[in-house]
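Trainee:
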Amino acid sequence: MVTIDKNHHNHLNNVPKTNTAYPSEKETELELIKQLMEKEAQIAQTDKAINDNKKQLKHIENSKTWQYNKPFEKLTGMFSGSTKQQNEYIRHLEEKLKETEQALYDAKEENKRLILDSRKPDANKMVQAVNEAKDNGTLLEYLGDLVQQKKQHDTNYNRTLRHAARLFMNEKQDYRNLVYASAMAGLKMEDIPEFIIRAGLTNGISLRPTVSFRASLNSRMRQLQLTGSLPEWELDDKRTAYLFADELRLRRPWTSDATYTSTNLPEKSGMVIKPADGAGSRGVYLVQDINDIVDMKRSKKLDNWDDLKASMKQDLDSGWVADDEWTIEELIMENDRTPASDIKFYCFYGKVGLILEIVRYPELKYCWWTPTGERVRTGKYDENLFAGKGVTQAEIDSAAEISRKIPAPFIRIDFLRSANELVFGEFTPKPGNYDDFDEPTDKWLGDYFVEAEDRLTQDLIYGKQFRAYNRLTSWK
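As structure tokens, this is what we get:
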């Protein structure tokens with residue numbers, strides 16, 4: 015995740031850091047430790063080579079061949095005429111030796127690369143192979159081989175990285191910490207060995223590689239699968255969500271209790287048409303007037319009711335909308351001509367970690383914000399970013415306070431931007447494509463998730479009652 019300068023959209027590291035021309039004290043310290051480690055390793059290698067040479071020389075001097083040849087050393091001057099030839103031959107041998115040594119070095123480097131990566135997969139060729147396997151009916155067999163190869167590849171890397179870390183278990187703390195941190199960067203959270211975790215708890219090594227937003231949500235989905243219900247998923251139901259919003263006295267759109275088909279929808283202005291069971295913008299239409307309708311998914315303007323029906327039929331035929339069942343609700347506008355933008359707060363039980371602002375018409379655009387008001391890149395929607403308007407501190411605080419009334423470590427709270435306030439839209443326990451966040455953002459939000467779990471646990475231990483929530487849901 016990187017911040018975007020509000021004026022020039024320059025990319026900066028998200029982690030607080032000074033300009034690279036002026037490295038921070040911590041960065042300078044780490045670089046010095048790295049250089050010191052390398053120098054000490056070179057010195058140790060040189061000392062070993064000197065000692066090996068001394069042993070070899072001693073061995074030669076003590077050999078019988080050396081002893082027998084000693085009396086003939088004085089005779090070498092008698093053959094000085096051949097010295098020039100000998101020197102040329104020696105130089106020739108030395109050049110050959112250098113060439114051989116370089117070739118040996120290159121071979122060793124190539125061997126190291128091949129050991130680390132005995133396969134160099136081509137993603138395009140692999141995708142093509144998957145397509146061919148599907149066409150000829152061998153996809154499952156191919157996937158089995160592919161999974162096995164990947165597992166073996168990962169095992170080899172993990173074993174090597176763990177071994178590299180173990181080599182420094184008894185070295186100086188600064189050296190050990192640097193090597194441990196470097197090894198962790200290449201390991202999945204579940205592959206980090208206990209001895210590194212133990213060192214992190216006592217020696218100031220950051221354990222951020224052990225957290226992941228996507229892994230936390232994946233785990234949460236497994237909990238849902240095993241138990242059948244989670245607190246935040248009770249609010250995934252739109253009616254329950256609106257009742258909860260009413261309990262908290264949040265402004266929300268009026269809604270119709272009835273459901274309609276595409277043929278009996280009431281023809282009236284100032285409403286939103288949505289699939290009765292849907293999410294996102296598929297099948298969503300903003301009817302400002304009978305002759306002024308916006309297809310939100312396609313970012314397309316429709317000029318009359320017949321065009322609307324035709325578009326809804328296309329939604330059903332394509333499978334975008336599963337059933338011909340639709341609901342209507344109040345249309346929220348940002349001004350007289352502009353549909354409301356979406357404001358989505360990624361909430362972690364009392365804290366907002368990330369904010370997404372979306373403009374859907376006339377073209378779909380996104381803007382990510384930190385709670386401190388910085389625009390950022392997250393790896394999602396990077397091709398469609400724009401300089402949004404942002405939110406106020408009061409709006410951030412309000413979203414955070416709402417999330418504190420829900421006994422869950424994470425939930426996204428979605429609003430619409432009206433002319434004078436935010437209007438509640440829905441609760442989203444599992445945002446779509448949450449795995450698309452880049453690694454820095456994933457780790458950053460992972461920390462938020464873990465901290466939220468701790469705050470929630472502490473509140474539950476001390477007997478906090480979620481009265482508004484319990485009155486409106488079946489979760490007890």
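Going by this note's numbering, the residue at position 278 of the sequence shown is 292; the numbering climbs one at a time, nothing skipped.
Glycine included, C-beta positions come from ideal geometry on N, C-alpha and C.
As the structure is a prediction and not an experimental result, all values here were calculated from the model.
Is the shortest distance between the beta-carbon of Gly294 and the beta-carbons of chain C less than 9 Å?
Mentor: Of the chains in the structure shown, none is chain C; there is only one protein chain.
Trainee: Would you identify the three-state DSSP class for Lys327, choosing helix, strand or coil?
Mentor: On the sequence shown, residue 327 is found 313 positions in, with the first residue counted as 1. Lys327: helix per DSSP, three-state reduction.
Trainee: Using the C-alpha atoms, what's the distance from Ser295 back to Gly387?
Mentor: Here residue 387 is taken as the residue at index 373 of the sequence shown, counted from 1. Here residue 295 is taken as the residue at index 281 of the sequence shown, counted from 1. Looking at the two C-alpha atoms, the distance is approximately 27 Å.
Trainee: By how many angstroms is the C-alpha of Glu204 removed from the C-alpha of Pro421?
Mentor: Taking the first residue of the sequence shown as position 1, residue 421 is located at position 407. Taking the first residue of the sequence shown as position 1, residue 204 is located at position 190. Going by the C-alpha atoms only, they are around 27 Å apart.
Trainee: Taking Lys202 as the reference, which of Gln479, Phe463, Glu453 has the closest Cα?
Mentor: As a position in the sequence shown, residue 202 is number 188, starting the count at 1. Lys202 has its Cα closest to that of Glu453, out of Gln479, Phe463, Glu453.
Trainee: Mind checking which residues open and close the alpha helix (DSSP H) that includes Gly439?
Mentor: Sequence index remark: in the sequence shown, residue 439 carries index 425 (1-based). Gly439 -> not in any alpha helix (DSSP H); beta strand (DSSP E) instead, spanning 436-442.
Trainee: In whole angstroms, what is the alpha-carbon distance linking Leu330 and Pro353?
Mentor: On the sequence shown, residue 330 is found 316 positions in, with the first residue counted as 1. On the sequence shown, residue 353 is found 339 positions in, with the first residue counted as 1. Rounded to whole angstroms, Leu330 to Pro353 spans 24 Å at the Cα level.
Trainee: With a threshold of 6 Å on Cβ separation, who are the neighbours of Ala178 within its own chain once the five nearest residues in sequence on each side are excluded?
Mentor: By 1-based counting over the sequence shown, the position of residue 178 is 164. For Ala178, where only same-chain residues beyond five positions count, the Cβ hits under 6 Å are Ala197.
Trainee: I'd like the span of the alpha helix (DSSP H) that includes Trp383, first residue to last.
Mentor: By one-based count along the sequence shown, residue 383 stands at place 369. Here Trp383 belongs to no alpha helix (DSSP H); instead the beta strand (DSSP E) covers 379-383.
Trainee: Leaving out five residues on either side along the sequence, give the residues of the same chain with a beta carbon under 6 Å from the beta carbon of Thr156.
Mentor: Taking the sequence shown and counting its residues from 1, the one referred to as residue 156 is at position 142. Residue identity check: residue 156 is Tyr in the sequence provided, not Thr. Once the five neighbours on either side are set aside, the close Cβ partners of Tyr156 are Ala147.
Trainee: State buried or exposed for Val141, treating a residue as buried only when at least 16 other CB atoms are found within 10 Å of its CB.
Mentor: Indexing the sequence shown from 1 puts residue 141 at position 127. Result: exposed.
Trainee: My output table needs one value for Phe227: the three-state DSSP class, helix, strand or coil.
Mentor: As a working note, residue 227 is residue 213 in the sequence shown. Residue state, collapsed to three classes: helix.
Trainee: Nearest to Tyr476 by CA position, among Asp468, Ala482, Tyr483, is which residue?
Mentor: Position 462 of the sequence shown holds residue 476. Checking every option, the nearest Cα to that of Tyr476 belongs to Asp468.
Trainee: Measuring CA to CA, which of Arg266, Ala117, Ile57 is closest to Phe438?
Mentor: Looking up residue 438 in the sequence shown gives position 424. Cα-wise, what sits closest to Phe438 is Arg266.
Trainee: Take Arg228 as the anchor and find which of Arg485, Ala482, Pro445 has the nearest alpha-carbon.
Mentor: Sequence index remark: in the sequence shown, residue 228 carries index 214 (1-based). The candidate whose alpha carbon is nearest that of Arg228 is Pro445.
Trainee: Between the alpha carbons of Lys48 and Leu175, how many angstroms are there, rounded?
Mentor: Reading the sequence shown from its first residue, position 34 is the one you call residue 48. Reading the sequence shown from its first residue, position 161 is the one you call residue 175. Distance between the alpha carbons of Lys48 and Leu175: 17 Å.
Trainee: Spell out the partners DSSP gives Glu344 in its beta bridges.
Mentor: One-based indexing of the sequence shown puts residue 344 at position 330. BP columns for Glu344 point to Met285.
Trainee: Excluding the 5 residues preceding and the 5 following Gly214 in the sequence, name in chain order all residues of the same chain whose CB lies nearer than 6 Å to its CB.
Mentor: The count along the sequence shown starts at 1 and reaches residue 214 at position 200. Hits under 6 Å: Leu221.
Trainee: Since I believe Lys358 is in contact with Asp428 (beta carbons under 8 Å), could you give me their beta-carbon distance rounded to a whole number of angstroms?
Mentor: Taking the first residue of the sequence shown as 1, we reach residue 428 at position 414. Taking the first residue of the sequence shown as 1, we reach residue 358 at position 344. 5 Å between Cβ atoms; contact.
Trainee: Would you call Pro376 buried or exposed, if buried means 16 or more other Cβ atoms sit within 10 Å of its Cβ?
Mentor: The residue given as residue 376 occupies position 362 in the sequence shown. Its Cβ having fewer than 16 others within 10 Å, Pro376 is exposed.
Trainee: Straight-line CA distance for Asp317 to Ile304?
Mentor: The residue given as residue 317 occupies position 303 in the sequence shown. The residue given as residue 304 occupies position 290 in the sequence shown. For Asp317 and Ile304, the distance between alpha carbons rounds to 8 Å.
Trainee: Assuming Trp268 and Gly297 make a contact with CB atoms under 8 Å, what is their CB distance in whole Å?
Mentor: In the sequence shown, counting from the first residue as 1, residue 268 sits at position 254. In the sequence shown, counting from the first residue as 1, residue 297 sits at position 283. Rounded, the Cβ-Cβ distance is 20 Å, inconsistent with contact.
Trainee: How would you write the range of the alpha helix (DSSP H) that Ile416 sits in, first residue to last?
Mentor: On the sequence shown, position 402 is the one that residue 416 refers to. Per DSSP, Ile416 belongs to the alpha helix (DSSP H) from 407-417.
Trainee: Which of the three DSSP states, helix, strand or coil, is assigned to Val193?
Mentor: Residue numbering aside, residue 193 sits at position 179 when the sequence shown is read from its first letter. Residue state, collapsed to three classes: helix.
Trainee: Over the uninterrupted beta strand (DSSP E) stretch that includes Leu316, give me the two end residues.
Mentor: Sequence index remark: in the sequence shown, residue 316 carries index 302 (1-based). Element bounds for Leu316: 314-316.
Trainee: Between Leu9 and Tyr360, which are expected to be in contact by the criterion C-beta below 8 Å, what is the C-beta distance as a whole number of angstroms?
Mentor: With the chain represented from 15 up to 490, any question about residue 9 goes unanswered, as that position is not in the structure.
Trainee: State the beta-bridge partners of Glu371 as determined by DSSP.
Mentor: Translated into the one-based positions of the sequence shown, residue 371 becomes position 357. In DSSP, Glu371 forms a bridge with Ile357, Cys381.
Trainee: Let me know if Ile57 comes out buried or exposed under the rule of 16 or more other beta-carbons within 10 Å of its beta-carbon.
Mentor: If you number the sequence shown from 1, residue 57 lands on position 43. By the neighbour-count rule (16 or more Cβ atoms within 10 Å), Ile57 is not buried but exposed.
Trainee: Rank Ser270, Lys252, Leu470 by C-alpha distance to the C-alpha of Phe424 and give the top, closest one.
Mentor: Here residue 424 refers to the residue found at position 410 of the sequence shown. Considering only alpha carbons, the answer is Leu470.
Trainee: Output yes or no for whether 9 Å exceeds the beta carbon distance between Glu339 and Tyr299.
Mentor: For the purposes of this step, residue 339 is taken as the residue at position 325 of the sequence shown. For the purposes of this step, residue 299 is taken as the residue at position 285 of the sequence shown. Cβ atoms of Glu339 and Tyr299: not closer than 9 Å.
Trainee: Per the DSSP calculation, Asp468 is bridged to which residue(s)?
Mentor: What you label residue 468 is simply residue 454 of the sequence shown in a count that begins at 1. According to DSSP, which records beta bridges pairwise, Asp468 is partnered with nothing at all.
Trainee: What residue does the alpha helix (DSSP H) around Ile211 start on, and which one ends it?
Mentor: For the purposes of this step, residue 211 is identified with residue 197 of the sequence shown, where counting begins at 1. It spans 208-217 - the alpha helix (DSSP H) in which Ile211 sits, taken as one unbroken run.
Trainee: Enumerate in chain order the residues of its own chain whose CB-to-CB distance from Arg426 is below 8 Å, with the five nearest sequence positions on each side excluded.
Mentor: Start at 1 with the first residue of the sequence shown, and residue 426 comes out as number 412. Within the same chain, Arg426 has close Cβ partners Lys358, Phe359, Tyr360, Cys361, Phe441, Thr442, Pro443, Pro445.
Trainee: Taking only three categories from DSSP, how would you classify Val161?
Mentor: Indexing the sequence shown from 1 puts residue 161 at position 147. Helix at Val161.
Trainee: Per the DSSP calculation, Leu10 is bridged to which residue(s)?
Mentor: Past the edges of the chain, shown from 15 to 490, lies residue 10, and the structure says nothing about it.
Trainee: Rounded to a whole number of angstroms, what is the C-alpha to C-alpha distance between Arg481 and Glu415?
Mentor: Position 467 of the sequence shown, counting from 1, holds the residue named residue 481. Position 401 of the sequence shown, counting from 1, holds the residue named residue 415. Roughly 14 Å between the two C-alpha positions.
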